[in-house]
Amino acid sequence: SEVALEELEKVCRLGSGSSGKVYKARHVHTGAIYALKIIQEKHDAQVRQQIKREMEILRRALNPHVVRCYGVFDRGGEISFVLEYMDAGSLADVLAAHRRIPEPFLARVAAHCLQGLLYLHKNKIVHRDIKPSNLLINRRREVKIADFGVSKVLDSTLAQCNSYVGTCAYMSPERFNPDAQDGHYDGCSADIWSLGLSLLECAMGRFPCLPPGQKPDWPTLMMAICMGDPPAPPADSSPEFQSFIRACLQKNACLRPSAKHLLTHPFLTKYKEKDCDLSPLLKSLQL
Ligand code: ATP
Ligand code: MG
């Protein structure tokens, strides 16, 4: 199921991030639609090699809750990824269209993302960049994890991290001070923190770690996340949601439950049986 880069034509731009641009693309023969992510920054050969190595991992990651990668190409240093097209955009897009996202939808997001994380963690892959813009949705209401590997390279040092505050904002406290980690710690629990923080942001309608309106610069963020108490869920949210968020946002990484454990959490089972009507949410995404 390899897709040749030369057989794709760009349809339109879907978005852009710190690392590159994402286009909607059509396969000229089959008409199939893909997302084409192009990293146009000129990284040195070593970084490029690392990006490609990690993307090879992604290409082998086959799970219904991980965005499929159909090919990685290097054309004179410009790296392109052919990805599964997620036609409802990202959780960040949903959040931009709705002030706050209701719990039934968040329970679905949590369930799907935890299944994706369970698969990755089982295969010894730590995502390290879980945040609303990397959680993608399609019209079948499936939620999938996107974009691992690339950012893992790009934010591998704190100095580089400085220019990617958007990514650092979702980093767990222990990742700000990797030297202080104990030897048994495997990093998977950092993804659990980031997922909890992303879901809390969706419930609150703003980034939870800083007061409203506060500019998220690097020192302020680090102080808030490492020195402050973990952000608390809204008092008017359900007890199950509050318990889920508190479990994810424990500063001691060893105390955070695994993806497998969280999949049995009451917050997920609470909404599982009910067939919630999520169409008002998705309608605004022009599906
Ligand atoms: P950052 O650079 O900080 O990671 P980001 O995640 O928004 O930010 P990109 O990963 O480049 O940056 O993605 C930009 C946007 O493109 C996303 O917010 C999303 O709306 C869209 N996008 C990315 N991948 C896909 C995809 N596979 N299908 C559909 N849309 C996508
Ligand atoms: Mg992204």
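If you count by the UniProt record's numbering, then the sequence shown holds residues 57 to 343, one letter each, in order. Think of the CB as a built atom: it goes at the ideal place given N, C-alpha and C, for glycine as much as any other residue.
Continuous beta strand (DSSP E) stretch holding residue i: start and end
{"i": "Val122", "result": "Unbroken run through Val122: none, as it is neither H nor E."}
{"i": "Ser136", "result": "Glu134 to Glu140"}
{"i": "Leu191", "result": "Leu191 to Ile193"}
{"i": "Glu296", "result": "First-last for Glu296: Pro295 to Cys304, but that is the alpha helix (DSSP H), not the beta strand (DSSP E)."}
{"i": "Tyr90", "result": "Ile89 to Ile95"}
Exposure label - residue i; buried when at least 16 CB within 10 Å
{"i": "Pro264", "result": "buried"}
{"i": "Asn190", "result": "buried"}
{"i": "Gly145", "result": "buried"}
{"i": "Leu118", "result": "exposed"}
{"i": "Cys304", "result": "buried"}
{"i": "Gln270", "result": "exposed"}
{"i": "Gln105", "result": "exposed"}
{"i": "Val209", "result": "Since pLDDT at Val209 reaches only 48, below the 50 mark, its modelled position is unreliable, and the value read off the structure follows with that caveat. Per the 10 Å Cβ criterion, buried."}
{"i": "Lys328", "result": "exposed"}
{"i": "Ala246", "result": "buried"}
{"i": "residue 53", "result": "Residue 53 cannot be examined here, being either before or after the span of the chain that is shown, 57 to 343."}
{"i": "Ser219", "result": "Residue confidence is low: Ser219 scores 47 on pLDDT, short of 50, so the model does not pin down where it sits. Its coordinate-derived value is still stated next. By the 10 Å Cβ count, Ser219 comes out exposed."}
{"i": "His183", "result": "buried"}
Proximity to residue i [Cα-Cα], best of the options
{"i": "Ala259", "options": "Tyr79, Ala148, Glu134 and Lys93", "result": "Ala148"}
{"i": "Ile193", "options": "His183, Arg69, His168 and Ile113", "result": "His168"}
{"i": "Val103", "options": "Leu61, Asp130, Glu58 and Val122", "result": "Asp130"}
{"i": "Asn179", "options": "Ala288, Ala315, Cys224 and Leu319", "result": "Ala315"}
{"i": "Val150", "options": "Val199, Ile248, His183 and Leu174", "result": "Val199"}
{"i": "Glu140", "options": "Ile201, Thr320 and Arg164", "result": "Ile201"}
{"i": "Pro120", "options": "Ser136, Leu173, Arg69 and Ala101", "result": "Leu173"}
{"i": "Gln306", "options": "Met279, His83 and Gly252", "result": "Gly252"}
{"i": "Pro158", "options": "Leu319, Pro313, Ser293 and His321", "result": "Ser293"}
{"i": "Ala166", "options": "Gly71, Met278, Ser136 and Glu296", "result": "Glu296"}
{"i": "Ala152", "options": "Leu319, Ile181 and Pro188", "result": "Pro188"}
{"i": "Ala309", "options": "Ala280, Asp273 and Glu230", "result": "Glu230"}
{"i": "residue 29", "options": "Asp273, Asp203, Pro275 and Met278", "result": "No statement about residue 29 is possible, as the shown extent of the chain runs from 57 to 343 and does not include it."}
Proximity below 8 Å, CB of residue i to CB of residue j
{"i": "Met111", "j": "Cys125", "result": "yes"}
{"i": "Asp134", "j": "Ile94", "result": "It should be noted that the sequence gives Glu, not Asp, for residue 134. The answer is yes: Cβ separation under 8 Å."}
{"i": "Ser228", "j": "Ser250", "result": "yes"}
{"i": "Gln96", "j": "Gly76", "result": "yes"}
{"i": "Leu92", "j": "Lys108", "result": "no"}
{"i": "Gly261", "j": "Arg164", "result": "no"}
{"i": "Tyr301", "j": "Leu256", "result": "The sequence shown places Ile at residue 301, not Tyr. Contact: yes."}
{"i": "Cys282", "j": "Phe232", "result": "yes"}
{"i": "Tyr90", "j": "Val138", "result": "yes"}
{"i": "Val59", "j": "His83", "result": "yes"}
Range of the contiguous alpha helix (DSSP H) that encloses residue i
{"i": "Gly172", "result": "Glu159 to Lys178"}
{"i": "residue 38", "result": "Examination of residue 38 is not possible in this model, given that the chain is present from 57 through 343 alone."}
{"i": "Ile201", "result": "It is not in any alpha helix (DSSP H) - Ile201 instead sits in the beta strand (DSSP E) that spans Val199 to Ile201."}
{"i": "Arg231", "result": "Pro229 to Phe232"}
{"i": "Leu61", "result": "Here Leu61 belongs to no alpha helix (DSSP H), and DSSP marks it neither H nor E."}
{"i": "Ala148", "result": "Leu147 to Ala153"}
{"i": "Lys328", "result": "Pro322 to Lys328"}
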